[in-house]
Each structure stands twice: as structure tokens, then as C-alpha cells.
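In the working numbering, the protein residues as written are 47 to 484.
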């Protein structure tokens with residue numbers, strides 16, 4: 047792969063005239079910032095329930111922070127690469143903007159209630175009433191429905207032509223869209239891979255994006271491509287923010303103690319190699335007594351260290367990445383000391399944060415709310431002529447509707463599009479309205 051192709055400014059639909067002020071990638075960034083889909087993230091669950099007096103991250107603040115970290119990884123990687131390969135600095139110009147934009151978009155496809163929302167949609171078709179539609183769709187399409195994936199839904203939202211809207215969705219550059227794709231293959235025949243990035247309905251757009259960026263197909267039969275090199279940076283930024291900021295949120299809510307949060311964050315620093323860190327920590331702690339400020343200070347230093355680590359990994363594996371041979375994520379290649387600390391913190395998060403009652407309750411709520419909405423609206427799109435379903439269809443925005451003669455797969459997708467675009471609060475209110483709950 048080469049950067050001239052990888053940083054393709056081509057838009058797969060609706061090409062625009064160049065701007066003297068903003069380049070194509072800066073326009074991508076601005077389009078996401080000003081989009082309705084991005085604004086809706088402010089009312090979508092990250093981990094903890096949204097209401098309450100204690101501030102926690104939602105999908106919007108998470109995405110902004112991931113974009114900030116992603117930009118830092120890109121800039122630091124360029125700085126390190128140009129020492130060995132000066133010619134790359136000019137070739138890789140603008141990669142910080144491309145990575146930051148992809149980071150902004152990475153959660154756009156997530157339904158209400160976080161990952162439990164994905165599970166709820168999948169379970170409706172796999173084990174619930176939605177299973178009745180299996181015989182009406184192709185096996186490759188059914189694979190999308192029983193394993194709904196927010197990553198694939200993000201690509202769909204950004205590229206699909208919804209009713210009454212322009213072709214190409216937000217019409218982003220091929221470089222930005224390819225960077226968004228962490229799992230460059232569809233759901234069908236994905237083998238042992240847990241996640242995927244492409245629904246059957248977007249296969250053609252996916253292929254065009256990858257071809258525009260010069261990304262090789264490594265398995266034509268199963269439509270598997272290599273990854274865009276910058277997708278590793280976006281993924282690492284997301285991994286870092288998940289690890290660090292979920293722990294900070296848990297501390298702010300009193301789920302983990304100050305001592306536990308401090309232990310997690312400081313465990314990444316070695317007394318022998320990071321003596322400056324411990325000296326700086328003691329100096330700050332002598333001046334700052336507010337525990338939340340102390341944790342925020344440690345969080346900042348840890349993010350900086352991890353950004354430095356993953357940029358080192360990107361640089362040291364540069365040739366393999368550019369040849370499409372690199373496997374796993376940058377975080378998975380951390381040095382043994384940091385990897386051990388990472389595992390301990392992840393285990394702590396799984397046991398004490400993600401299984402906390404407040405988190406489990408919101409997940410259970412998500413299953414009930416989304417399950418009910420899917421049951422109602424999937425029946426409505428399949429049988430729109432009944433008096434009750436006519437009323438239901440009047441509640442669905444026109445952009446999500448398809449014609450009565452549309453295939454079953456597309457009809458079911460329209461119901462999923464409507465529900466997955468909802469915020470948590472809107473989904474709960476719709477559930478209450480349908481159930482007659484004050």
C-alpha cells in the first residue's frame with residue numbers, strides 16, 4: 047500500500063469542488079461535527095446510565111476524547127517515522143485529521159443502551175419473534191440480522207442513501223471511510239472472527255472505498271481485505287479511552303475506590319524506568335488534595351504514556367502494516383510490563399464496572415425496550431396495511447421508510463435503522479408511549 051492512494055480524497059458520491067480554506071479531510075471532520083447523527087450521541091449510553099447528578103461519559107464525549115487521542119497517536123507516529131524515513135512526512139500529511147475524523151464516527155452506528163442494544167437486536171432475530179423472518183431472506187442477509195454490529199451500522203449510516211436524502215450519505219472521502227473500517231469483511235462466512243464492518247447492503251460501497259485507497263483484497267471468495275494502516279491508530283485510541291476513562295467514571299461514581307483507581311493507573315509505570323513520573327506525581331500530590339483532580343492527573347499521564355507506546359509499535363511494525371501482514375491490534379502488542387498492567391485493569395473493569403448493578407440494570411432495560419420496539423416496528427414494516435400498523439408507520443420518519451414491494455431484508459433494515467438511530471431517552475419514551483405508561 048502507498049500513501050498517495052491510502053489518503054484518497056475521492057468521494058464515492060456527490061463530489062464537491064475544492065476549497066481554498068479547508069482540504070477534503072478537514073471538510074470530512076466538519077461534516078461529522080455538524081451532523082445530526084453525531085449530536086445524537088450525547089444521549090446514548092457509554093457504560094453508565096445517563097441520568098444523575100454525577101457526570102459520566104456518554105457516546106459523544108467518548109468520541110471527542112477518542113478523536114483527541116487518535117490525533118496525538120498520528121502526530122507522534124509521523125514524528126518518529128520521519129527520523130528514519132524523512133520522505134514520509136510529506137506523504138503522510140493530514141493523517142492526523144483523517145484519524146481524528148474516523149474516531150468521531152466510530153460509534154455512530156451504536157444503537158441505544160450501548161453494546162446491550164446490539165445484543166438485543168441480534169437476539170430478537172436469533173431467538174425471538176424475529177426468527178420467523180429467516181426463511182424470507184438470503185443466508186448472507188440473515189447473518190447480518192442475527193449478529194447486528196454497530197461497526198457495520200456506522201458504515202451504513204455514513205454511506206447509505208436514505209429516502210429523501212442525497213446519495214452517498216454524508217459523502218465522506220474514501221480515506222476517512224477506509225480508516226473507520228476495523229473489520230474489513232462482511233458478516234457472512236466471517237469464520238472465527240467475532241466482529242465485522244459491512245452489511246450485505248453496503249458490500250458494493252465497501253469494495254469501491256477499498257479499491258479507491260489501493261487496499262488489497264486478501265480473500266476474494268469471502269470478500270476480506272487488508273486493513274487501512276490508519277485504522278490501527280483509530281482502534282488504539284478507542285482502546286485507550288475505554289480502559290482509562292471507564293475507570294475514571296467508575297471512580298467518580300464511587301464504584302471503585304481512589305486507592306483502586308490509583309493502583310490501576312500507576313501500575314503502568316515502572317519504578318526503574320519511569321522515575322520521573324513518580325517524582326512528578328509526588329510533587330503534584332503535595333499541592334493537590336482533591337481526589338478527583340489527582341485521578342484526572344494520573345489519567346492524563348497514563349494516556350500520554352500509552353500514546354507513546356502504541357506509536358512506537360506502529361513505527362516498529364510499519365512495513366508489516368503497509369504490506370497488510372500485521373495482525374491483532376497495536377494495544378495487543380504492548381511490551382510485557384504494560385501488557386500485564388493492561389490485563390489487570392481490564393479484569394478489574396469487567397468484574398467491578400461492567401458487572402455493576404447500575405450497568406446491568408441499563409442493559410436489562412435495553413433488552414426490554416429495544417425488543418419491544420423491534421417487535422412492533424418489524425411487524426409494521428412487513429404488514430403496513432392494518433389499522434394499528436398504519437398508525438405505527440406514521441411515527442416513523444420518512445427517511446427510514448421503504449416501498450411496500452421492497453425485499454424483506456430491506457424492510458427489516460428500515461425498522462432497525464429507525465430504532466438504532468434513537469437516543470436512549472427517545473427509545474424509552476417511545477416504549478412508554480406504545481405501552482401506555484405515563
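Note that the Cβ used here is the ideal one computed from N, Cα and C, for glycine as well.
Exercise for the section: Could you tell me the distance, in whole angstroms, from the CA atom of residue 53 to the CA atom of residue 111? Expected result: Against the chain shown, residue 53 aligns to sequence position 7. Against the chain shown, residue 111 aligns to sequence position 65. About 23 Å.
Practice task
Using 10 angstroms around the beta-carbon of residue 67, count the other beta-carbons present and answer buried if the total reaches 16, otherwise exposed.
Solution key: On the chain shown, residue 67 is found 21 positions in, with the first residue counted as 1. Result: exposed.
Practice task
Identify, in the order they occur along the chain, each residue of the same chain with its Cβ nearer than 8 Å to the Cβ of residue 97, setting aside the five sequence neighbours on each side.
Solution key: For the purposes of this step, residue 97 is taken as the residue at position 51 of the chain shown. Residue placement at residue 97 is poorly supported in this model, since its pLDDT is 48, which falls under 50; the coordinates are not used for a value here.
Exercise for the section: On a CA-only basis, which of 281, 378, 385, 205 is nearest residue 249? Give me that one, please. Expected result: Looking up residue 249 in the chain shown gives position 203. Closest by alpha carbon: 205.
Practice task
Whole angstroms is fine: what's the gap from residue 57's alpha carbon to residue 329's?
Solution key: Within the chain shown, the letter at position 11 stands for residue 57. Within the chain shown, the letter at position 283 stands for residue 329. Each residue's alpha carbon lies about 51 Å from the other.
Practice task
Could you pull out every unbroken beta strand (DSSP E) segment of at least 3 residues lying fully inside the region 140-182, listed in chain order?
Solution key: The DSSP assignment places no complete beta strand (DSSP E) segment of no fewer than 3 residues inside the region 140-182.
Problem - Secondary structure, alpha helix (DSSP H): runs of 4+ residues fully inside the region 367-454 - result: Listed in chain order, they are 382-394, 403-428, 433-441.
Handout entry: the region 315-322 touching the region 126-133, judged by at least three CB pairs closer than 8 Å
Key = Touching, no.
Handout entry: Contact set for residue 202: own chain, Cβ-Cβ below 6 Å, skip 5 residues either direction
Key = Your numbering for residue 202 matches position 156 in the chain shown. For residue 202, where only same-chain residues beyond five positions count, the Cβ hits under 6 Å are 245, 248.
Practice task
Check the DSSP bridge columns for residue 563 and list the partner residues they point to.
Solution key: The requested residue 563 does not occur in the structure, where the chain is confined to residues 47 to 484.
Handout entry: Separation of residue 48 from residue 262, as counted between CA atoms
Key = On the chain shown, residue 262 is found 216 positions in, with the first residue counted as 1. On the chain shown, residue 48 is found 2 positions in, with the first residue counted as 1. Taking the straight line from one Cα to the other gives about 11 Å.
Practice task
Kindly indicate the opening and closing residues of the alpha helix (DSSP H) around residue 136.
Solution key: Translated into positions along the chain shown, residue 136 becomes position 90. For residue 136, the uninterrupted alpha helix (DSSP H) run begins and ends at 133-137, by DSSP.
Problem - C-alpha distance - residue 72 paired with residue 351, whole-angstrom precision - result: In the chain shown, the residue the question calls residue 72 occupies position 26. In the chain shown, the residue the question calls residue 351 occupies position 305. Cα to Cα, residue 72 sits roughly 27 Å from residue 351.
Problem - residue 465 - DSSP class collapsed to helix/strand/coil - result: For the purposes of this step, residue 465 is identified with residue 419 of the chain shown, where counting begins at 1. In the structure shown, residue 465 sits in a helix (DSSP, three-state: H, G or I).
Handout entry: Where residue 48 sits in the DSSP three-state scheme
Key = The residue labelled residue 48 in the question sits at position 2 within the chain shown. Residue 48 sits in coil when the DSSP states are folded into three classes, being neither helix nor strand.
Handout entry: Residues near residue 379 by beta carbon distance below 6 Å, same chain, minus five either side
Key = As a working mapping, residue 379 is identified with position 333 in the chain shown. Excluding sequence neighbours, residue 379 sits near 359.
Problem - residue 211, DSSP secondary structure in three states - result: Position 165 of the chain shown, counted from the start, is the residue given in the question as residue 211. When DSSP states are grouped into helix, strand and coil, residue 211 belongs to the coil group.
Practice task
Could you pull out every residue in the same chain whose Cβ sits closer than 7 Å to the Cβ of residue 11, ignoring the five residues on either side in sequence?
Solution key: With the chain covering only 47 through 484, there is no way to say anything about residue 11.
Exercise for the section: Have a look at residue 148 and residue 223 and give me their C-alpha separation to the nearest angstrom. Expected result: Your numbering for residue 148 matches position 102 in the chain shown. Your numbering for residue 223 matches position 177 in the chain shown. Taking the CA atoms as reference points, residue 148 sits about 7 Å from residue 223.
Practice task
Check residue 239 in the structure and name its three-state DSSP category.
Solution key: For the purposes of this step, residue 239 is identified with residue 193 of the chain shown, where counting begins at 1. Three-state DSSP puts residue 239 in coil, outside helix and strand.
Practice task
Would you give the residue range spanned by the alpha helix (DSSP H) that residue 320 belongs to?
Solution key: The residue labelled residue 320 in the question sits at position 274 within the chain shown. Where residue 320 is concerned, there is no enclosing alpha helix (DSSP H), given that its DSSP letter is neither H nor E.
Exercise for the section: List the DSSP bridge partners of residue 232. Expected result: Working through the chain shown from its first residue, we reach residue 232 at position 186. DSSP lists 244 as partners of residue 232.
Problem - Beta carbon of residue 159 nearer than 8 Å to that of residue 483 - result: Translated into the one-based positions of the chain shown, residue 159 becomes position 113. Translated into the one-based positions of the chain shown, residue 483 becomes position 437. Remark: C-beta atoms of residue 159 and residue 483 do not approach each other more closely than 8 Å.
Handout entry: Rounded Cβ spacing between residue 219 and residue 277 (contact assumed at less than 8 Å)
Key = Walking along the chain shown from the start, residue 219 turns up at place 173. Walking along the chain shown from the start, residue 277 turns up at place 231. For residue 219 against residue 277, the beta-carbon gap comes to about 14 Å, at or over 8 Å, which does not count as contact.
Practice task
Tell me whether residue 354 sits in a helix, a strand or coil according to DSSP, three-state version.
Solution key: The count along the chain shown starts at 1 and reaches residue 354 at position 308. The three-state reading of DSSP puts residue 354 in helix, counting H, G and I together.
Practice task
Excluding the 5 residues preceding and the 5 following residue 69 in the sequence, name in chain order all residues of the same chain whose CB lies nearer than 7 Å to its CB.
Solution key: Counted from its first residue, the chain shown places residue 69 at position 23. Apart from sequence neighbours up to five positions away, the residues of its chain that approach residue 69 with a beta-carbon distance below 7 Å are 140, ordered along the chain.
Practice task
Thinking residue 260 and residue 198 are a contact (beta carbons under 8 Å), I'd like their distance in whole angstroms, please.
Solution key: Here residue 260 refers to the residue found at position 214 when the chain shown is read from its first residue. Here residue 198 refers to the residue found at position 152 when the chain shown is read from its first residue. In this structure residue 260 does not touch residue 198 by the C-beta definition: roughly 23 Å separates them, more than the 8 Å allowed.
Practice task
Along the alpha helix (DSSP H) that carries residue 115, what are the first and last residues, could you check?
Solution key: Locating residue 115 in the chain shown gives position 69, where the first residue counts as 1. Residue range 105-130 is occupied by the alpha helix (DSSP H) that includes residue 115.
Handout entry: Closest residue to residue 243 among 269, 399, 455 (Cα-Cα distance)
Key = Residue 243 sits at position 197 when you count from the first residue of the chain shown. Nearest C-alpha to residue 243 among 269, 399, 455: 269.
Exercise for the section: Check the DSSP bridge columns for residue 57 and list the partner residues they point to. Expected result: Here residue 57 corresponds to residue number 11 of the chain shown, with the count starting at 1. When DSSP reads this structure, residue 57 sits in a beta bridge with 219.
Exercise for the section: Decide yes or no for the touch test of the region 410-419 against the region 391-402: beta carbon pairs closer than 8 Å, at least 3 of them. Expected result: Result no; under three Cβ-Cβ pairs closer than 8 Å.
Practice task
Could you tell me which of 347, 462, 468, 480 sits nearest to residue 498, measuring between CA atoms?
Solution key: Past the edges of the chain, shown from 47 to 484, lies residue 498, and the structure says nothing about it.
Practice task
Please report how far the alpha carbon of residue 340 lies from the alpha carbon of residue 398, in whole angstroms.
Solution key: Sequence index remark: in the chain shown, residue 340 carries index 294 (1-based). Sequence index remark: in the chain shown, residue 398 carries index 352 (1-based). Rounded to whole angstroms, residue 340 to residue 398 spans 21 Å at the Cα level.
Exercise for the section: Whole angstroms is fine: what's the gap from residue 472's alpha carbon to residue 290's? Expected result: Taking the first residue of the chain shown as 1, we reach residue 472 at position 426. Taking the first residue of the chain shown as 1, we reach residue 290 at position 244. Here the alpha carbon of residue 472 sits roughly 29 Å from the alpha carbon of residue 290.
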